[in-house]
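Chemist: Input: one structure, supplied below.
Residue numbers (UniProt numbering): 1 to 230.
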């Protein structure tokens, strides 16, 4: 969370900066009927069946999306001569998935699952909360459209498209990595969560892509054995 706050501190508009930092520190839904599932932003995964489906995955994903968005802004400004509103860009990137913890529950074994009672999806919850907290409309539109064509409204600014594609890139690449971990966990006869506790899935995918399946299995076996010995 500290790294997200540090990024939020780059927002130049004082009013918006304070709103973003407050939301990051206190994402509690205002509406009394939205059930708090007891999962913090720091603990939450970013999904259950897809990318970043492990403890701390949401923070990791959010940090990556925000940093990717800033790098993309650098390129667009340098190559195309456009002026990106980095305040809106950062606010949208940092808060795009902020309400995801309300969609998950934690099982007794430490794994996560979908909340089976009624809570609105994270995007709807976020937009409602952004309205309640009086965020600028441009920030609300960035977050409301960050699923691209699958959003309730499509992106209609360069900032919105950058956040959408930064989100898409990070989630897709991590999704490939977690699927490799899932396959290797079956090879090793362990839970894939055991792998995530030991090493980041992108590191596993890096080894798989460079050294192959067997070397990856050997590497994971060695890593897991060293943890057991400790």
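Backbone N, C-alpha and C define an ideal beta-carbon position, used for all residues, glycine too.
Everything numeric in this text was worked out from a predicted model, so none of it was measured.
Within 10 Å of its beta-carbon, does residue 216 have 16 or more other beta-carbons around it, so buried, or fewer, so exposed?
Modeler: The residue in question, residue 216, is buried, as its Cβ has 16 or more Cβ neighbours within 10 Å.
Chemist: Cutting at 8 angstroms between CB atoms, please list the residues of its own chain near residue 50, excluding the five before and the five after it.
Modeler: Within the same chain, residue 50 has close Cβ partners 171, 175, 178.
Chemist: Going by C-alpha to C-alpha distance, which of 146, 40, 204, 117 sits closest to residue 66?
Modeler: The shortest C-alpha separation from residue 66 is found at 146.
Chemist: So, helix, strand or coil for residue 35, using DSSP?
Modeler: Three-state result, residue 35: coil.
Chemist: Where do the ends of the alpha helix (DSSP H) carrying residue 172 lie?
Modeler: Per DSSP, residue 172 belongs to the alpha helix (DSSP H) from 158-188.
Chemist: What would DSSP say about residue 54, mapped onto helix, strand or coil?
Modeler: In this structure, residue 54 counts as coil in the three-state DSSP scheme.
Chemist: Looking only at DSSP bridge pairs, what is residue 105 linked to?
Modeler: According to DSSP, which records beta bridges pairwise, residue 105 is partnered with 113.
Chemist: As a quick exercise: from 97, 78, 139, pick the residue whose alpha carbon is nearest that of residue 11.
Modeler: Per the Cα distances, 139.
Chemist: Roughly how many whole angstroms lie between the Cα atoms of residue 37 and residue 28?
Modeler: Looking at the two C-alpha atoms, the distance is approximately 11 angstroms.
Chemist: Between 195, 124, 81, 63, which has its C-alpha nearest residue 102's C-alpha?
Modeler: Cα-wise, what sits closest to residue 102 is 124.
Chemist: Does any residue of chain D have a CB that is nearer than 8 angstroms to the CB of residue 5?
Modeler: Looking at the structure shown, chain D is missing, and only one protein chain is on hand.
Chemist: Please identify the residue among 112, 61, 2 whose C-alpha is closest to the C-alpha of residue 169.
Modeler: Cα-wise, what sits closest to residue 169 is 61.
Chemist: Determine the DSSP secondary structure at residue 28, reduced to helix, strand or coil.
Modeler: Coil.
Chemist: If you pair each beta-carbon of the segment 7-21 with each one of the segment 110-122, do three or more pairs fall below 8 angstroms?
Modeler: In short, these stretches do not touch, since the Cβ pair count stays below three.
Chemist: Can you round the beta-carbon distance between residue 195 and residue 220 to whole angstroms, since I take them to be within the 8 angstroms contact cut?
Modeler: Yes, residue 195 and residue 220 are in contact; Cβ-Cβ is about 6 angstroms, under 8 angstroms.
Chemist: Go ahead and label residue 31 buried or exposed: buried means 16 or more other beta carbons lie within 10 angstroms of its beta carbon, across all protein chains shown.
Modeler: By the 10 Å Cβ count, residue 31 comes out exposed.
Chemist: Between which residues of its own chain and residue 52 is the CB-CB distance below 8 angstroms, once the five residues before and five after are set aside?
Modeler: 45, 46, 58, 60, 61, 171, 174, 178, listed in sequence order.
Chemist: Which of the three DSSP states, helix, strand or coil, is assigned to residue 41?
Modeler: Three-state DSSP puts residue 41 in coil, outside helix and strand.
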